[in-house]
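Under the working numbering, the first residue of the sequence shown carries the number 6, and numbering increases by one thereafter.
Beta carbons: idealized from backbone N, C-alpha and C, even for Gly.
Computed from a predicted structure; not experimentally measured.
Comments concern the structure below.
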Amino acid sequence: FQAQVTRILPRIEESMNAQLEAEVLTRSSHSSRTSYAVAADLSEMELKKILIHKMEGNKSIQRSDEQRNLYKALVEAYDADKTILDTYGESAIMKRRREDDDQEGPFAGSDRGSKNKEKEGSIHQLALR
6 FQAQVTRILP RIEESMNAQL EAEVLTRSSH SSRTSYAVAA DLSEMELKKI LIHKMEGNKS
66 IQRSDEQRNL YKALVEAYDA DKTILDTYGE SAIMKRRRED DDQEGPFAGS DRGSKNKEKE
126 GSIHQLALR
């Protein structure tokens, strides 16, 4: 019996090591994607923050109601993103990003420009109200 156990143990150990190695590789690659996604979101938030400071610095928000409304919408978007990140961390950002990707569908790249123009138009319409 001991001889059989001695022959089986190295095989079990080899199998377990292979499974653990595969799991570690899977998790480490997932961590890289997560870190990248968080970095991308932080960059977007930083861009919003920079734009807010520029608008405040050059006082463009005092020129017209449209500028003021756009500024308010930008500040609200920045605050919402910051609250989500502070409250739920990267998991909520990842989930929101996946949901956004799902909504865009498989051909998102082909009409991305027109979608952005539609969004700009709707923001413009909101600002005029």
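L52 is classed as exposed because its beta carbon has fewer than 16 other beta carbons within 10 Å across all chains shown.
Judged by beta-carbon spacing, L56 lies beyond the 8 Å limit of L25, meaning their Cβ atoms are not closer than that value. DSSP places I89 in the uninterrupted alpha helix (DSSP H) bounded by 70–93. As the crow flies, the alpha-carbon of A85 is around 10 Å from that of D91.
In this model, R68 and E61 are separated by some 11 Å (Cα to Cα). A distance below 7 Å between beta-carbons, with the five flanking residues on each side excluded, links R16 to no residue of its chain. Judged by their CB atoms, K77 and M50 are not nearer to each other than the 8 Å cut-off.
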